[in-house]
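Chemist:
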Amino acid sequence: AQSVTQLDSQVPVFEEAPVELRCNYSSSVSVYLFWYVQYPNQGLQLLLKYLSGSTLVKGINGFEAEFNKSQTSFHLRKPSVHISDTAEYFCAVSDSGNTPLVFGKGTRLSVIA
Amino acid sequence: GAGVSQTPSNKVTEKGKYVELRCDPISGHTALYWYRQSLGQGPEFLIYFQGTGAADDSGLPNDRFFAVRPEGSVSTLKIQRTERGDSAMYLCASSLNGRGTDTQYFGPGTRLTVL
């Protein structure tokens with residue numbers, strides 16, 4: 327069965343500093359990878375997804391992620407964060423033939439002014 | 026256009042009672058998913074519909090949980106004899122065709138509290 331590990335439960339970072347949120351998945355087959363963001367009292371919103379092709383994926387709000395097959399990782403990065411980026415971030419994976427998403431436990435990003 | 030909507034936004038009930046949670050997917054989306062999110066955890070899959078039929082219900086925790094989608098649009102998640110452990114945020118998502126490449130669009134969720 328698929329599993330996703332988000333190595334950090336909380337990440338505090340100062341405004342305008344860079345951030346990396348780590349995600350590792352367990353699979354030896356083709357996978358699709360997703361990052362979702364959950365703002366307080368809102369539903370999950372897709373940030374970006376990797377399906378195939380270029381390993382560097384750009385998403386909304388200046389976020390990007392890099393797929394690394396050898397390390398089974400899909401880390402999320404942003405070069406300069408804003409206060410408005412404070413939220414919970416979830417990494418998720420699905421198999422090529424199985425559509426329900428398997429989520430990690432989430433990383434709470436807190437941006438400090 | 027309208028996104029996925031869920032009603033009610035909050036539901037408080039007593040142990041042993043029956044509850045129904047409703048999901049209205051994006052118009053035209055054939056796939057519909059239910060997930061459950063406990064405090065401090067990521068969403069966990071419950072059941073997936075393709076059209077009117079449940080394509081995968083392997084995530085339902087026990088036979089107290091049941092879901093329907095009779096006309097291939099709105100879905101209702103039904104929980105019988107609720108227990109305190111059922112307290113969680115229940116999320117609904119829909120996607121265009123149910124393929125692994127499709128984006129799943131999530132509703133705001135229903136927070137269920139069982140006293």
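Just so you know, the sequences run in chain order A and B.
Okay, so the first sequence: first residue is 327 according to our numbering, each after it adds one.
Okay, so the second sequence: first residue is 26 according to our numbering, each after it adds one.
Glycine is no exception: its CB is placed at the ideal position from the N, C-alpha and C atoms.
Around the C-beta of residue 359 of chain A, are 16 or more other C-beta atoms found within 10 angstroms, so that it is buried, or is it exposed?
Modeler: Classification for residue 359 of chain A: buried.
Chemist: Of all the residues that make up the region 29 to 58 of chain B, which are near chain A by a beta-carbon distance shorter than 9 Å?
Modeler: Answer in chain order: 29, 31, 56 and 58.
Chemist: May I ask you to verify whether the region 30 to 41 of chain B touches the region 80 to 95 of chain B, counting CB pairs closer than 8 Å and requiring at least 3?
Modeler: They do not touch, by the three-pair rule.
Chemist: Count the other CB atoms, across all protein chains shown, that sit within 10 Å of the CB of residue 132 of chain B; report buried if there are 16 or more and exposed otherwise.
Modeler: Label assigned to residue 132 of chain B: buried.
Chemist: I'd like to know whether the C-beta of residue 134 of chain B is nearer than 9 Å to at least one C-beta of chain A.
Modeler: Yes, contact with chain A.
Chemist: Out of A:355, A:334 and A:370, which has the shortest C-alpha to C-alpha gap to residue 128 of chain B?
Modeler: Selected option, being the one with the closest Cα: A:370.
Chemist: Going by C-alpha distance, which of B:58, B:96, B:83 and B:137 is nearest residue 122 of chain B?
Modeler: If we check each option's Cα against that of residue 122 of chain B, B:58 comes out closest.
Chemist: Any C-beta of chain B sitting closer than 9 Å to the C-beta of residue 351 of chain A?
Modeler: Closer than 9 Å: no.
Chemist: Just curious, the beta strand (DSSP E) that residue 336 of chain A is in, first and last residue?
Modeler: Run containing residue 336 of chain A: 336 to 340, per the beta strand (DSSP E) assignment.
Chemist: Let me know if residue 366 of chain A comes out buried or exposed under the rule of 16 or more other beta-carbons within 10 Å of its beta-carbon.
Modeler: By the neighbour-count rule (16 or more Cβ atoms within 10 Å), residue 366 of chain A is not buried but exposed.
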